[in-house]
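Visitor: Using this note's numbering, the first residue of the sequence shown is number 4, and each one after it goes up by one.
We treat Cβ as the ideally placed atom computed from N, Cα and C, and that holds for glycine.
Please read all numbers here as calculations on a predicted model, not as lab measurements.
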Amino acid sequence: AAARHGRFAALIAVSLFALTPLAVLWSRYGMLEHVQTAVSTLSITLILVALRQNKNTDEANTDNSFRWFLVGLLAGLAFLAKQTAVVLWPAMVLAIVWKKGQGARGKGQGRRVLLWWFVGLLVPLGVFGLILWRQGALTDFLAFLSGADRLAPLADWQAKVTAVFTWARRQPLLVPTLVGVVALLRRRTPAFMLILLWAGAETAALLLPPQVDFGWGGFSHYVITAVAALSLAAGVGITDYRLPITDYRLPIMALVVLLVGTAVTLPGWWADMNYVLRDVDYPQPTMAAEQAIGQAVRDVTQPDDAVLIFGNAAFYYWAERPPASRFFHFPAYLLDSPLLPQVETDLQQALAPGNAGTVLASRMHLEERLTEPITAVLWQHWVPVQLFSYPYQRDMFLFLPKTAVSDREPAALFAGEIRLTAVTGQVVDEQHVLVRLDWKAETAVSADYVAFVHLLRPDGSLLSQHDGVPVVGYRPTTSWQPNEPIIDWHWVEIPVGTSLDEITVSIGLYDPAAGDRLPLQSPTTEVDSFTISWNDLTITQTKPTD
4 AAARHGRFAA LIAVSLFALT PLAVLWSRYG MLEHVQTAVS TLSITLILVA LRQNKNTDEA
64 NTDNSFRWFL VGLLAGLAFL AKQTAVVLWP AMVLAIVWKK GQGARGKGQG RRVLLWWFVG
124 LLVPLGVFGL ILWRQGALTD FLAFLSGADR LAPLADWQAK VTAVFTWARR QPLLVPTLVG
184 VVALLRRRTP AFMLILLWAG AETAALLLPP QVDFGWGGFS HYVITAVAAL SLAAGVGITD
244 YRLPITDYRL PIMALVVLLV GTAVTLPGWW ADMNYVLRDV DYPQPTMAAE QAIGQAVRDV
304 TQPDDAVLIF GNAAFYYWAE RPPASRFFHF PAYLLDSPLL PQVETDLQQA LAPGNAGTVL
364 ASRMHLEERL TEPITAVLWQ HWVPVQLFSY PYQRDMFLFL PKTAVSDREP AALFAGEIRL
424 TAVTGQVVDE QHVLVRLDWK AETAVSADYV AFVHLLRPDG SLLSQHDGVP VVGYRPTTSW
484 QPNEPIIDWH WVEIPVGTSL DEITVSIGLY DPAAGDRLPL QSPTTEVDSF TISWNDLTIT
544 QTKPTD
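#1: Going by beta carbon distance, what residues of the same chain come within less than 6 Å of T534, once the five residues before and after it are set aside?
#2: Ignore the nearest five residues each way along the sequence and tell me which others in R366's own chain have a CB closer than 6 Å to its CB.
#3: Closest to V90 by C-alpha separation, out of A327, W119, W201, D451, would be which residue?
#4: For V74 and G139, what's the separation of their Cα atoms in angstroms?
#5: Less than 7 Å separating the beta-carbons of L128 and G79?
#6: Closer than 6 Å by C-beta to F455: which residues in its own chain qualify, once you throw out the five before and the five after it? Chain order, please.
#7: Might you give, ordered along the chain, the residues of its own chain that have their beta carbon closer than 7 Å to the beta carbon of T180, omitting 5 neighbours on each side?
#8: Report the partner residues of A441 according to the DSSP bridge assignment.
#9: Does the distance from the CB of W492 to the CB of V388 come in under 7 Å?
#10: With a threshold of 7 Å on Cβ separation, who are the neighbours of Y513 within its own chain once the five nearest residues in sequence on each side are excluded?
#11: Can you give the Cα-Cα distance for A84 and D531, rounded to whole angstroms?
#12: Could you name the residues of the same chain whose beta carbon sits closer than 6 Å to that of D539, not counting the 5 residues immediately before and after it, in chain order?
#13: Terminal residues of the continuous beta strand (DSSP E) containing S536?
#14: Just checking I241 against the ligand FAD - is the residue's beta carbon closer than 6 Å to any of the ligand's heavy atoms?
#15: Between R137 and chain D, is any beta-carbon pair separated by less than 7 Å?
#16: In angstroms, rounded to a whole number, what distance separates the CA positions of S536 and L466?
#17: Is the distance from the Cβ of W321 to the Cβ of G297 below 7 Å?
#18: Indicate whether R329 and T304 have their beta-carbon atoms separated by less than 7 Å.
#19: Write down every uninterrupted run of the alpha helix (DSSP H) in the region 344-418 whose length is 4 residues or greater and which is fully enclosed by it, in chain order.
#20: Is the number of C-beta pairs between the region 346-354 and the region 427-442 that are closer than 8 Å three or more?
#21: I248: buried (16+ other C-beta within 10 angstroms of its C-beta) or exposed?
#22: Here's a check: name, in chain order, each residue in its chain whose Cβ is nearer than 7 Å to the Cβ of P356, leaving out the five neighbours to either side.
#23: For R137 and S68, which I take to be in contact (beta-carbon distance under 8 Å), what is that distance rounded to the nearest angstrom?
#24: Excluding the five sequence neighbours on either side, which residues of its own chain have a C-beta within less than 7 Å of the C-beta of V184, listed in chain order?
#25: Taking only three categories from DSSP, how would you classify G218?
#26: Please classify T481: is it buried, with 16 or more other beta-carbons within 10 angstroms of its beta-carbon, or exposed?
#27: Give every residue of the same chain whose Cβ lies closer than 6 Å to the Cβ of L125, excluding the five residues on either side of it in the sequence, and list them in chain order.
#28: May I ask you to report which of helix, strand or coil DSSP gives L39?
#29: I'd like to know whether the C-beta atoms of D307 and V431 end up nearer to each other than 7 Å.
#30: If you reduce the DSSP assignment to three classes, tell me which class V52 lands in.
#31: Give a yes or no on whether the C-beta atoms belonging to L369 and V475 are separated by under 7 Å.
#32: If you draw a straight line from the C-alpha of L458 to the C-alpha of V300, how long is it?
#33: Please report the straight-line C-alpha distance between T446 and F417, rounded to a whole angstrom.
#34: Looking only at C-alpha atoms, which of W442, A407, T265 sits nearest to T424?
#35: Return the first residue and the last residue of the beta strand (DSSP E) that D470 is part of.
See the structure below:
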């Protein structure tokens, strides 16, 4: 914007960005789009300053090479944060072309600034490429760039265009953006065209055809970079052309757009503000849940074990375990991607016995994303052992490999129809133990029972317990087939410092509606639960030494 309005322009631009969907910007997760947006906006800002200074004849021949180096460096960092930042590069190249034609030494200066921009761009990309090369992953990255998060083939573009406009109508950004764009188009200066080019590129990147492999998943946080660019257009455009309250020079058409657009978006704006400002305990980005679940993954694996996570990739960081497959993440767009057959084959191999120490999968992935060939191998070789609360992806299930155990005597027979064939235990850490129950139904089971594992002190008092539908809710007893082996794990929390040497494990089944326990038919010394000393179990210490 003009120098005399510079501070006001910046204030308007920042304010408009702050008014964009607050529920997204205050979300629980510090998404990479925020980093991409910050460095992209700063990079564009440096270009605007360079173009503005170049209009001053006293500074036309000033060597701004370092500034253009920073512009390229920031563009590279934006790309590393999110590969969708590649749409920023054409805007920057066009700005350099404009720079080339200005000043007394325009031609030579243009080549120099282009060179410095390219050098700055190569610094982060070169370091990133070297790391990938050292890890042996460079070929995969180049071949499967479309497999990066949210670089998605766009399917059903008509529905997504509708979704874009539905989302836009609810946001306060829409009206000032339209007014600001009109103002910038009327001026047609290189700096203003640069803003429009960036905003247009960011918006178009949401809606390109499948061959380009850019797309939009339909969620508002995916458009944060476009929101930043459009906010800049709105703030600079409105400020440069002046608001009607300053000197009444706003065109009548823009005024009509402003009034009509405000009327359309005000209800959505009001609803968004009420959602954000209502009296709720809105979760903050502490990553406490991710850290706790990652710790559990680490506790049930060895330091050199690979793991497979169908969920938030942040779990790999907290688990401190490498992925068992190069397709370590399974975003929704893979279902429509030409990569799907290769992804399925690779993940099936990773799920085969011996290739991973554990699997962590969200309910969202299990019910909506993973294809039948993948889930078939998962359920064939793995069994869920614990459910962790994780609302972001509708909870997380921890899986361990299915391993056979020899039947241990004495076995327990409940009500003549359900046999407990084996009981084994694992110490997870100083606060948790795992108890594995192996069941077999003699006949079809007529009711759904809850299995319980109680840890009892020497005096018979309850130390800790875990009650739940068998197999973490996935195999209610009415689904058991006669003589089908059922592996049922129970994750039991214990007080820190507990000695298990004198602990007795009490195991049984009960009707959740009436609360009545299923009686024992054998051994006859018991009534309604099977008890065994912890020291008589097959114990496995799973806590790794790292």
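Guide: If we stick to the structure as given:
#1: T507, S509
#2: Within the same chain, and ignoring the five residues on either side of R366 in sequence, the residues whose Cβ sits closer than 6 Å to its Cβ are R397, D398.
#3: W201
#4: So the alpha carbons of these two residues sit roughly 30 Å apart.
#5: yes
#6: In the same chain as F455, and ignoring 5 residues on each side of it, the C-beta atoms closer than 6 Å to its own belong to D470, G511, in chain order.
#7: The residues are L233, A236, A237.
#8: For clarity, residue 441 is Asp in the given sequence; the question names Ala instead. Answer is A425, I490, bridged to D441.
#9: It is a contact, given that the beta carbons lie within the stated cut-off.
#10: Apart from sequence neighbours up to five positions away, the residues of its chain that approach Y513 with a beta-carbon distance below 7 Å are Y452, V453, F455, D519, R520, L521, ordered along the chain.
#11: Distance between the alpha carbons of A84 and D531 is about 58 Å.
#12: none
#13: 533-536
#14: The ligand FAD is absent from the structure shown, which contains no ligand whatsoever.
#15: No chain D appears in the structure shown, which is made up of a single protein chain.
#16: 14 Å
#17: yes
#18: no
#19: 375-384
#20: The region 346-354, when compared against the region 427-442, does not touch it at the 8 Å Cβ threshold.
#21: Its pLDDT being 43, under 50, I248 is placed unreliably by the model, and nothing is read from it.
#22: H384, P404
#23: Contact between R137 and S68 is absent: CB atoms are separated by about 31 Å, not below the 8 Å threshold.
#24: Result list for V184: L199, A236, G240, in chain order.
#25: Because G218 carries a pLDDT of 36, less than 50, the predicted location of this residue cannot be relied on, and the following value inherits that uncertainty. Three-state result, G218: coil.
#26: Counting other Cβ atoms within 10 Å of its Cβ, T481 stays below 16 and is therefore classed as exposed.
#27: none
#28: With the sequence shown as reference, residue 39 is identified as Gln, and Leu is not the correct amino acid for it. Residue state, collapsed to three classes: helix.
#29: no
#30: helix
#31: No.
#32: 24 Å
#33: Each residue's alpha carbon lies about 12 Å from the other.
#34: Considering only alpha carbons, the answer is W442.
#35: D470 -> beta strand (DSSP E) spans 465-471.
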